[in-house]
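Below: one structure, written as structure tokens.
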Amino acid sequence: MTESTNIAPARKGVPLWVQVIIWVFLAGLLGIVAMGLNRAQQGTIQPGHAVDDFTLPLYSGYEYQGASEVKLSELRGKIVVINFWASWCKPCEQEAAELQSAWEQYEPTGEVVFLGVDYVDTEPQARVYLKKFGITFPNGPDLATRISQYFRIKGVPETYFIDREGVLRYVQVGPFTSLQQIQNIIDPLLSE
Amino acid sequence: MIADFGYGVLVVAFLTALYSVYAAVYGELKKNPPLVESARRAMLLTWPLLTLAAGMLIYLLVNDHYEVQFVYEVTSRSMPLYLKVTAWWGGQAGSLLFWSWLMAAFTSLVTLRKWDRDREFLPWVIAVGGVTMAFFIGMNVFFENPFAKLYQTFNGNIAAYTIQPANSILFTPSDGRGLNPLLRHPGMIIHPPMLYLGFVSFVIPYAFAMAALITGRTDDRWIRITRRWTLWAWLFLSAGLVLGGRWAYDVLGWGGYWGWDPVEIAAFMPWLTGTAFLHSVMIQEKRGLFKYWNMLLIVLTYDLVIFGTFLTRSGVLSSVHSFAQSAIGPAFFAFIGITLITSAGLILYRWDMLKSETKMTSMLSREALFLFNNLLFMGILVICFWGVIYPLISELFTGQKVTVGPPFYERATSPLFAALLLLMGIAPLSAWGHSTLKTLGRAIWKPAVGAGIITAILAFTYTQNVIALVGFFLIALVILVTLYEYGRGALARQRSQGENIFLAFWNLTGRNRRRYGGYIIHISMMLMAIGILGIELFQVETQGTIAIGDSLELSGYTIKYKEVASWDNPGAGVNYTRAVVEVYDANGNLLGNLHPRKDFYFDTQQPMTIPGQLASLKDEVYVLLIDWEPINQESTTFKIFVNPLVNWLWLGSLLFFVGVLIAAWPERDAERVTVRTGKRAHQASAAD
Amino acid sequence: MLNRAKLRNYALPLALLAALAVSLLFVMTALAQDDMPTDDEVNKIAKDLYCPVCESTPLDVCPTEACRQWRELIRQQLAEGKSEEEIKQYFVTYYGARVLSEPPNRLASYLVPALAFLAGAFLLFRGFRMWLKPLAVESAVPTEDAEAFPQDEYIRRMEEELKKRK
Numbered sequence: 014m015t016e017s018t019n020i021a022p023a024r025k026g027v028p029l030w031v032q033v034i035i036w037v038f039l040a041g042l043l044g045i046v047a048m049g050l051n052r053a054q055q056g057t058i059q060p061g062h063a064v065d066d067f068t069l070p071l072y073s074g075y076e077y078q079g080a081s082e083v084k085l086s087e088l089r090g091k092i093v094v095i096n097f098w099a100s101w102c103k104p105c106e107q108e109a110a111e112l113q114s115a116w117e118q119y120e121p122t123g124e125v126v127f128l129g130v131d132y133v134d135t136e137p138q139a140r141v142y143l144k145k146f147g148i149t150f151p152n153g154p155d156l157a158t159r160i161s162q163y164f165r166i167k168g169v170p171e172t173y174f175i176d177r178e179g180v181l182r183y184v185q186v187g188p189f190t191s192l193q194q195i196q197n198i199i200d201p202l203l204s205e
Numbered sequence: 005m006i007a008d009f010g011y012g013v014l015v016v017a018f019l020t021a022l023y024s025v026y027a028a029v030y031g032e033l034k035k036n037p038p039l040v041e042s043a044r045r046a047m048l049l050t051w052p053l054l055t056l057a058a059g060m061l062i063y064l065l066v067n068d069h070y071e072v073q074f075v076y077e078v079t080s081r082s083m084p085l086y087l088k089v090t091a092w093w094g095g096q097a098g099s100l101l102f103w104s105w106l107m108a109a110f111t112s113l114v115t116l117r118k119w120d121r122d123r124e125f126l127p128w129v130i131a132v133g134g135v136t137m138a139f140f141i142g143m144n145v146f147f148e149n150p151f152a153k154l155y156q157t158f159n160g161n162i163a164a165y166t167i168q169p170a171n172s173i174l175f176t177p178s179d180g181r182g183l184n185p186l187l188r189h190p191g192m193i194i195h196p197p198m199l200y201l202g203f204v205s206f207v208i209p210y211a212f213a214m215a216a217l218i219t220g221r222t223d224d225r226w227i228r229i230t231r232r233w234t235l236w237a238w239l240f241l242s243a244g245l246v247l248g249g250r251w252a253y254d255v256l257g258w259g260g261y262w263g264w265d266p267v268e269i270a271a272f273m274p275w276l277t278g279t280a281f282l283h284s285v286m287i288q289e290k291r292g293l294f295k296y297w298n299m300l301l302i303v304l305t306y307d308l309v310i311f312g313t314f315l316t317r318s319g320v321l322s323s324v325h326s327f328a329q330s331a332i333g334p335a336f337f338a339f340i341g342i343t344l345i346t347s348a349g350l351i352l353y354r355w356d357m358l359k360s361e362t363k364m365t366s367m368l369s370r371e372a373l374f375l376f377n378n379l380l381f382m383g384i385l386v387i388c389f390w391g392v393i394y395p396l397i398s399e400l401f402t403g404q405k406v407t408v409g410p411p412f413y414e415r416a417t418s419p420l421f422a423a424l425l426l427l428m429g430i431a432p433l434s435a436w437g438h439s440t441l442k443t444l445g446r447a448i449w450k451p452a453v454g455a456g457i458i459t460a461i462l463a464f465t466y467t468q469n470v471i472a473l474v475g476f477f478l479i480a481l482v483i484l485v486t487l488y489e490y491g492r493g494a495l496a497r498q499r500s501q502g503e504n505i506f507l508a509f510w511n512l513t514g515r516n517r518r519r520y521g522g523y524i525i526h527i528s529m530m531l532m533a534i535g536i537l538g539i540e541l542f543q544v545e546t547q548g549t550i551a552i553g554d555s556l557e558l559s560g561y562t563i564k565y566k567e568v569a570s571w572d573n574p575g576a577g578v579n580y581t582r583a584v585v586e587v588y589d590a591n592g593n594l595l596g597n598l599h600p601r602k603d604f605y606f607d608t609q610q611p612m613t614i615p616g617q618l619a620s621l622k623d624e625v626y627v628l629l630i631d632w633e634p635i636n637q638e639s640t641t642f643k644i645f646v647n648p649l650v651n652w653l654w655l656g657s658l659l660f661f662v663g664v665l666i667a668a669w670p671e672r673d674a675e676r677v678t679v680r681t682g683k684r685a686h687q688a689s690a691a692d
Numbered sequence: 144m145l146n147r148a149k150l151r152n153y154a155l156p157l158a159l160l161a162a163l164a165v166s167l168l169f170v171m172t173a174l175a176q177d178d179m180p181t182d183d184e185v186n187k188i189a190k191d192l193y194c195p196v197c198e199s200t201p202l203d204v205c206p207t208e209a210c211r212q213w214r215e216l217i218r219q220q221l222a223e224g225k226s227e228e229e230i231k232q233y234f235v236t237y238y239g240a241r242v243l244s245e246p247p248n249r250l251a252s253y254l255v256p257a258l259a260f261l262a263g264a265f266l267l268f269r270g271f272r273m274w275l276k277p278l279a280v281e282s283a284v285p286t287e288d289a290e291a292f293p294q295d296e297y298i299r300r301m302e303e304e305l306k307k308r309k
């Protein structure tokens with residue numbers, strides 16, 4: 014490896030193992046960036062996806078059948094509507110009343126469960142919001158943003174509809190504008 | 005229709021760039037000089053074409069053509085003319101066009117130079133420049149058309165299309181959304197062009213490096229041709245960074261100039277490799293060492309430029325600087341991949357030709373110290389790169405999102421920065437080829453004693469903070485060493501030429517502008533380091549809500565709230581809320597009035613806070629209105645910073661530009677490139 | 144607290160309703176001043192926290208409503224007597240590790256760049272050893288005149304400049 018003269022040495026490339034290391038390193042780097050890019054481009058999880066189980070702790074006063082937390086897997090056989098919201102989110106306020114009246118309509122059937130997932134919010138403010146809009150369905154904080162990360166939400170409000178088999182069927186990005194809109198999504202799932 | 009015509013021109017420019025690549029490569033391979041000449045002419049044509057396209061975009065911007073999506077997104081009727089023009093680079097599509105336009109200007113400039121001596125480089129330089137340019141114009145043509153118009157389709161949806169869809173009508177909003185107020189600041193108007201100028205001009209040395217690799221002419225010819233380009237590129241990039249810092253300091257209301265935001269780092273990384281490159285090319289020129297290293301550095305710089313652009317625009321990272329998410333991410337990624345792999349492949353292929361011509365003779369020689377300098381720059385680069393992609397890795401592999409914020413970067417890079425200062429103190433004293441501890445010690449002891457005395461004085465009068473004292477010692481050392489070297493040269497000249505000392509300084513600088521420009525840059529860096537040390541270690545802040553007549557105290561200053569007023573400026577579409585505060589020193593002397601302000605822009609419904617600043621060399625009182633709290637006579641929330649020494653940073657940056665201009669200003673015989681052959685070892689001199 | 148008790152002592156004997164009202168008001172403002180943490184105390188903690196709503200912007204300067212609420216939460220917890228560590232821990236449990244300004248796994252975040260730097264340094268020093276070795280064998284001449292070297296260079300440079308001028 015020593016080159017002690019000014020005369021150009023005989024054509025000598027880079028040792029193979031060094032080349033391998035360089036290419037592996039480059040490929041790894043590009044791979045990571047590609048995965049990051051892919052992730053950024055992905056958007057929310059798509060309908061047809063079987064939703065993994067998660068546990069949502071619930072605010073006191075907003076329990077589900079008296080339990081202070083709810084597991085998605087326990088709700089198998091029911092239609093689950095997961096609504097991501099936050100008290101600082103202005104568009105969320107537009108749909109709050111519609112969601113609540115939909116809940117009041119479906120709650121008696123016992124076949125539909127609404128879950129409010131409070132994204133990056135503080136509990137006192139969340140309570141003010143829930144009270145202001147008279148919301149009664151189960152609500153709880155998205156601890157460590159795990160649930161929102163799983164759904165890859167892009168913002169609030171977003172609402173995810175899961176069928177009786179635990180499969181995601183519909184994604185609503187942005188607020189609902191009418192009760193009818195919510196019914197149009199839930200009713201077909203109910204009659205399945 | 006102007007917009008359609010503009011798009012047409014963009015397509016023609018895209019095809020022209022592609023043709024020039026084809027003609028250059030094919031012409032060279034088939035040894036067909038007329039074809040290469042036509043490639044050159046095609047390249048020269050791209051700039052007028054893009055200027056035409058840009059002119060039409062500016063026409064649309066200035067004349068409120070809100071049916072054009074880009075115009076709608078970045079301007080509004082209330083914006084003054086100059087802002088409508090500079091809104092050109094205020095959004096994704098326009099700034100891409102701006103990129104290509106600059107790129108075309110630079111490649112045209114290169115093709116205009118006299119090529120007699122380096123004829124064989126020409127086709128490849130055109131090809132590399134052309135590929136880069138075609139890529140950027142292609143982004144405009146295929147993904148981000150600045151001329152796309154808004155159409156309302158039959159089902160009521162409004163969207164932007166390049167070609168009018170069937171059954172749709174043109175939709176013209178009555179007013180635009182307006183530029184983000186943060187971007188209406190003068191600093192933001194100049195900051196992006198400077199940064200882009202720096203980015204784009206680094207493409208030129210890269211193109212020459214590739215040409216050298218492809219033709220196998222790997223001597224230092226490509227470096228000599230591009231030396232000044234590189235300096236200019238570095239000047240623009242540095243100016244972009246400094247202006248960005250000043251902008252952040254003036255409008256972001258952080259009381260700071262640098263937040264280690266991923267996008268800031270993305271612009272900083274090519275600066276690091278570029279700076280390392282500026283130093284290491286000198287080793288190759290003087291000593292014929294480490295050719296592959298220079299190639300590696302310029303490839304890294306180029307790809308970091310593209311990578312930085314990619315990070316800002318692809319939505320991979322979210323940041324205050326990001327453009328809206330867009331479809332260009334994958335294309336950018338592919339381009340980075342292709343250029344990185346091609347360049348790495350070429351370097352490996354030519355490895356044997358890139359070996360050193362001579363050998364290293366001493367670990368304290370100037371070339372060895374330059375290598376240490378490169379090691380440190382690379383170390384800082386690795387930290388920055390790791391910090392930027394660590395959250396990505398963490399999220400991808402553990403599912404846990406993390407933030408890598410300033411504490412990480414500060415803790416990890418500060419020892420390396422300190423070591424860089426030390427090197428800056430030693431390197432100017434060491435000689436090419438040879439130095440020993442003894443020779444270095446003999447040269448450095450006087451400045452070192454001087455720096456020690458200064459540090460001791462500071463310890464008694466200013467601060468007992470150990471980190472600060474170490475920093476000040478190093479800064480003093482560098483300044484004294486540099487002045488000592490400079491002065492020694494001038495004195496020698498004074499003796500031998502009989503010139504007076506000022507003339508001697510002047511002529512000495514003129515004789516070896518790169519060397520003495522470099523010294524001035526070193527000194528300016530030290531002034532900046534004083535400011536950075538001051539704000540990093542001694543910044544204090546307070547926040548409080550007070551009524552008129554009340555005051556807040558901070559670090560010996562009393563800030564008294566005098567009055568507040570709020571008024572509309574309907575013409576500009578802004579509401580101003582301005583408070584008047586008086587600043588008193590510890591003895592109760594009135595130092596001045598400050599006017600912190602909140603500007604609320606109606607079109608974007610966004611506020612911007614403008615601090616009141618009372619500047620001196622000692623420190624700066626920086627008063628902000630907190631815009632998310634009410635502002636009225638009874639209660640207004642102020643945030644006050646005292647930023648010690650911060651103005652040395654801005655002073656240093658001014659001197660910095662003087663230094664780079666001295667080093668980079670074209671000489672009358674700049675085009676004369678001489679190639680040295682034969683033995684270099686002892687002919688190597690500092691007098692280039 | 145002392146302040147409050149004292150005031151109550153003064154306030155009670157006073158029969159006049161107006162005086163009572165005034166002193167009550169006084170009590171309340173004093174209360175607020177005593178127990179509410181200052182903006183500076185809040186900002187000191189907020190400086191090191193990052194809200195997911197505005198990424199890469201520290202909490203103390205972020206203008207969004209969500210961040211304002213977070214600062215109020217910090218104030219409330221400070222008022223409850225929680226320490227800085229406890230408050231940060233609370234935020235981590237509620238909002239995840241990304242609220243911290245540094246990854247919780249310090250080792251991983253610092254180790255990689257440190258190793259890369261050491262690898263670079265190792266390569267460089269190995270290179271130096273290799274480059275320098277043949278020299279030591281070849282001759283000792285350069286080391287001898289090395290001391291005179293800078294001086295020589297100086298004179299030579301000056302001569303060169305003289306030549307150039309002519």
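Residue numbers (my numbering), protein chains in the order written: chain E, 14 to 205; chain U, 5 to 692; chain W, 144 to 309.
Backbone N, C-alpha and C fix where the C-beta goes; we use that ideal spot for every residue, glycine too.
Just so you know, these numbers come straight off a predicted model, no measurement behind them.
Notebook entry, point to check: Going by other Cβ atoms of all chains shown within 10 Å of its Cβ, with 16 needed for buried, is isoleucine 217(W) buried or exposed?
Noted result: Burial check for isoleucine 217(W): the Cβ neighbour count within 10 Å reaches 16 or more, so the residue is buried.
Item checked: Assigned exposure category for glycine 391(U) - 16 Cβ within 10 Å defines buried -> Flag for glycine 391(U) reads buried.
Check: Does any CB atom of chain E fall closer than 7 Å to the CB of glycine 239(W)?
Finding: Taking Cβ atoms only, chain E reaches closer than 7 Å to glycine 239(W), which makes this a yes.
Margin query: Is there a C-beta anywhere in chain W that falls below 7 Å from the one on valine 33(E)?
Written below: No, because no Cβ of chain W sits closer than 7 Å to the Cβ of valine 33(E).
Check: Residues in its own chain within less than 8 Å of isoleucine 340(U) by CB, not counting five upstream and five downstream?
Finding: So the qualifying residues of the chain are Asp307, Ile310, Phe311, Phe314.
Checklist line | Neighbour flag for tryptophan 101(E) against chain W, beta carbons, 7 Å | finding: With 7 Å as the cut-off, tryptophan 101(E) counts as an interface residue toward chain W.
Notebook entry, point to check: Can you list, in chain order, the residues of the stretch 43 to 57 of chain E whose Cβ is nearer than 7 Å to any Cβ on chain W?
Noted result: Those residues of the stretch 43 to 57 of chain E that come within reach of chain W (Cβ to Cβ, closer than 7 Å) do not exist; the list is empty.
Checklist line | 8 Å Cβ shell around methionine 107(U) - same chain, five flanking residues per side excluded | finding: Within the same chain, and ignoring the five residues on either side of methionine 107(U) in sequence, the residues whose Cβ sits closer than 8 Å to its Cβ are Gly133, Thr136, Met137, Phe140, Val204, Val207.
Item checked: Residues bridged to phenylalanine 642(U) [DSSP beta-bridge criterion] -> In the DSSP assignment, phenylalanine 642(U) forms a beta bridge with Gly548(U), Leu629(U).
Check: Does DSSP put isoleucine 397(U) in a helix, a strand or coil?
Finding: Looking at isoleucine 397(U) - three-state DSSP - the assignment turns out to be helix.
Check: With burial defined as no fewer than 16 other Cβ atoms inside 10 Å of the residue's Cβ, what is the status of valine 662(U): buried or exposed?
Finding: By the neighbour-count rule (16 or more Cβ atoms within 10 Å), valine 662(U) is not buried but exposed.
Next item on the list: Express the C-alpha separation of lysine 643(U) and glutamine 547(U) in angstroms, rounding to a whole number.
Entry: Here the alpha carbon of glutamine 547(U) sits roughly 4 Å from the alpha carbon of lysine 643(U).
Item checked: Alpha-carbon to alpha-carbon, tryptophan 632(U) and arginine 211(W) -> Arginine 211(W) and tryptophan 632(U): Cα-Cα distance of roughly 8 Å.
Notebook entry, point to check: Is the stretch 390 to 406 of chain U in contact with the stretch 424 to 438 of chain U, if contact means three or more CB pairs nearer than 8 Å?
Noted result: In short, these stretches do not touch, since the Cβ pair count stays below three.
Note to self: Can you look up asparagine 469(U) in the DSSP assignment and give me helix, strand or coil?
What the structure shows: Asparagine 469(U): coil per DSSP, three-state reduction.
Notebook entry, point to check: What does glutamine 138(E) reach in chain W if we use C-beta pairs closer than 7 Å?
Noted result: Those within 7 Å of glutamine 138(E) in chain W are Gln212.
Note to self: Short of 7 Å in beta carbon distance, which residues of its chain neighbour threonine 230(U), apart from the five on each side in sequence? Order them along the chain.
What the structure shows: Result list for threonine 230(U): Ile208, Pro209, Phe212, in chain order.
Next item on the list: Answer yes or no: do valine 25(U) and alanine 109(U) have a C-beta to C-beta separation smaller than 7 Å?
Entry: If you check the CB distance, valine 25(U) and alanine 109(U) do not come in under 7 Å.
Notebook entry, point to check: If we count the other Cβ atoms within 10 Å of its Cβ and call it buried at 16 or more, is leucine 256(U) buried or exposed?
Noted result: Flag for leucine 256(U) reads buried.
Next item on the list: Under 7 Å between beta-carbons, which chain W residues line up against tyrosine 394(U)? List them in chain order, please.
Entry: Chain W residues near tyrosine 394(U): Pro246, Ser252.
Check: Under 7 Å Cβ-Cβ, which residues of chain U neighbour proline 180(W)?
Finding: Residues of chain U passing the Cβ test: none, with the nearest at roughly 12 Å.
Checklist line | Against chain W: residues of the stretch 153 to 177 of chain E by CB proximity under 7 Å | finding: Cβ contacts with chain W come from Pro154, Leu156, Ala157, Thr158.
Next item on the list: Mind reading off the beta-carbon distance from threonine 640(U) to leucine 629(U)? Whole number of angstroms is fine, and I expect it under 8 Å.
Entry: Taking 8 Å as the upper bound for CB-CB distance, threonine 640(U) and leucine 629(U) are in contact here, some 7 Å apart.
Checklist line | Three CB pairs or more closer than 8 Å across the stretch 127 to 144 of chain E and the stretch 51 to 66 of chain E | finding: No, the stretch 127 to 144 of chain E does not touch the stretch 51 to 66 of chain E.
Notebook entry, point to check: In the stretch 125 to 137 of chain E, which residues sit with their C-beta less than 9 Å from some C-beta in chain W, listed in chain order?
Noted result: Those residues of the stretch 125 to 137 of chain E that come within reach of chain W (Cβ to Cβ, closer than 9 Å) are Tyr132, Val133, Asp134, Thr135, Glu136, Pro137.
Notebook entry, point to check: Quick one: is valine 94(E) near chain U, going by C-beta distance under 7 Å?
Noted result: When Cβ-Cβ separations below 7 Å define contact, valine 94(E) makes no contact with chain U.
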